[in-house]
Amino acid sequence: MSETKIEWTDVTWNPVAGCSIMSAGCTNCYAMRMAARLEAMGVDKYQGLTRKTGGRAKWTGDVVLDEAALLLPERWRKPRLIFVNSMSDLFHPSVPLSFVGKVWEVMRRTPHHTYQILTKRPDRMLEMTTHHLQLLDNVWLGTSVEDQQVAHRIEALRSVPAKVRFVSFEPLLGPVEGVRLEGIQWAIVGGESGPGARPIDQHWIDEIHAQCAAAGAAFFFKQWGGVNKKLSGRVYNGRTWDETPLARAFENASAAQG
Numbered sequence: 040m041s042e043t044k045i046e047w048t049d050v051t052w053n054p055v056a057g058c059s060i061m062s063a064g065c066t067n068c069y070a071m072r073m074a075a076r077l078e079a080m081g082v083d084k085y086q087g088l089t090r091k092t093g094g095r096a097k098w099t100g101d102v103v104l105d106e107a108a109l110l111l112p113e114r115w116r117k118p119r120l121i122f123v124n125s126m127s128d129l130f131h132p133s134v135p136l137s138f139v140g141k142v143w144e145v146m147r148r149t150p151h152h153t154y155q156i157l158t159k160r161p162d163r164m165l166e167m168t169t170h171h172l173q174l175l176d177n178v179w180l181g182t183s184v185e186d187q188q189v190a191h192r193i194e195a196l197r198s199v200p201a202k203v204r205f206v207s208f209e210p211l212l213g214p215v216e217g218v219r220l221e222g223i224q225w226a227i228v229g230g231e232s233g234p235g236a237r238p239i240d241q242h243w244i245d246e247i248h249a250q251c252a253a254a255g256a257a258f259f260f261k262q263w264g265g266v267n268k269k270l271s272g273r274v275y276n277g278r279t280w281d282e283t284p285l286a287r288a289f290e291n292a293s294a295a296q297g
């Protein structure tokens, strides 16, 4: 198990490591920096996954399929929110369907956990979940959208068979005007953090928050970001926003009973 400081999950599980740059949101990816650090520490799993370019670590495009990590969730008795592949993308083109199927089987055998899978490749997610993978109620499927240029990913996600579909607008690098969140149950919003962090504009957040309200989607504000994200904090419009699909479902059930 890998404990994490990611606010919207409990632990991370990485049966796959390594990725490749897709779009602007990947430029300062924390996972690239972490992979380079783990490689320098001699961790076999991360050898050769990054290279130094312009003084920074960048993905090489290679991925590692970690068979030994597959069974970890079966050892965890306490129910957890599990972010799958924080150091990769399960739907990366170099991850074969056969291995994705092994991950799916572990998730099927552990219904006491809730799994969160985030991809920048929702088209491949859609193809696999439609034709090859079983619908699992404990698996939430999402995509990352950093600006208007990649907002089309939401359309693919909307067709993905899943109990919960979610969008991570992090790092939010530009407006996503006119984005519709019907059929989406959860939106996570956050500014970029760490070295070279690019700024976020409150108006971009306001647009997404309004769309969540219109679509009945839960809204989670992760951070303002910046080089030191602790200084900028998590307060948006006078409060913290930690809504999740689980909490929203509980609130709706309580209201119906009342």
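For what it's worth, the working numbering labels the leading residue of the sequence shown as 40, then goes sequentially.
Quick reminder that beta carbons are idealized off the backbone N, C-alpha and C, glycines included.
Computed from a prediction, not measured in an experiment: that's the story for all the values here.
| Asked | Found |
| --- | --- |
| With H, G and I counted as helix, E and B as strand and the rest as coil, what does DSSP make of Arg160? | coil |
| Tell me whether the region 207-227 and the region 240-247 touch, counting them as touching only if at least three CB pairs, one residue from each stretch, are closer than 8 Å. | yes |
| State the start and end residues of the unbroken alpha helix (DSSP H) segment that holds Lys141. | 136-148 |
| Determine the contact status of Leu104 and Phe130, defining contact as a CB-CB distance below 8 Å. | no |
| If the criterion is Cβ atoms closer than 8 Å, does the pair Leu136 and Met167 meet it? | yes |
| Is the CB-CB distance between His248 and Phe259 below 8 Å? | no |
| Please tell me whether Pro161 and Leu212 are closer than 8 Å, where the distance is taken between their beta carbons. | no |
| If I follow the unbroken beta strand (DSSP E) through Gln241, where does it start and stop? | That residue, Gln241, is in no beta strand (DSSP E); its alpha helix (DSSP H) goes 241-254. |
| Just verifying my parser: in three-state terms, what is the DSSP assignment at Leu128? | Reading off the sequence shown, one finds Asp at residue 128, where the question assumed Leu. Looking at Asp128 - three-state DSSP - the assignment turns out to be coil, as it is neither helix nor strand. |
| Do Leu172 and Gly140 have their C-beta atoms within less than 8 Å of each other? | yes |
| Ignoring anything shorter than 3 residues, give me the beta strand (DSSP E) runs that lie fully in the region 55-90, in order along the chain. | none |
| Evaluate Gln155 with the Cβ neighbour count: other Cβ atoms within 10 Å of its Cβ, from every protein chain shown; 16 or more gives buried, anything less gives exposed. | buried |
| Under 8 Å, do Leu220 and Ala254 count as touching if we go by C-beta distance? | yes |
| Measuring only the C-alpha atoms, how far is Ala96 from Glu185? | 21 Å |
| Cβ of Ser271 within 8 Å of Cβ of Gly277? | no |
| Exposed or buried, Ser232, counting other C-beta atoms within 10 Å across all chains shown (16 or more means buried)? | buried |
| Find out if the Cβ-Cβ distance for the pair Gln187, Val215 is shorter than 8 Å. | yes |
| Could you check where the alpha helix (DSSP H) with Ser271 kicks off and where it finishes? | 268-271 |
| Taking contact to mean at least 3 C-beta pairs separated by less than 8 Å, is the region 72-80 in contact with the region 40-55? | no |
| Kindly indicate the opening and closing residues of the beta strand (DSSP E) around Ala96. | 95-98 |
| Measuring alpha carbon to alpha carbon, tell me which of Arg119, Arg192, Met80, Pro200 ends up nearest His170. | Pro200 |
| For Ala292, which residues from the same chain have a beta carbon less than 7 Å from its beta carbon, with the 5 sequence-adjacent residues on both sides left out? | In this predicted model, Ala292 has a pLDDT of only 46, less than 50, meaning its place in the structure is not dependable; the value taken from the coordinates is given anyway. Cβ within range, chain order: n/a, list empty. |
| Let me check understanding here. Comparing Cα to Cα, which of Pro112, Thr92, Pro118 lies closest to Val142? | Pro112 |
| Ignore the nearest five residues each way along the sequence and tell me which others in Val102's own chain have a CB closer than 8 Å to its CB. | Val55, Ala56, Gly57, Cys58, Leu88, Ser127, His131, Ser133, Val134 |
| Relative to the C-alpha of Val123, which candidate in Gly230, Thr99, Trp47 has its C-alpha closest? | Trp47 |
| Per DSSP, which one or two residues make a beta bridge with Leu175? | Beta-bridge pairing links Leu175 to no other residue. |
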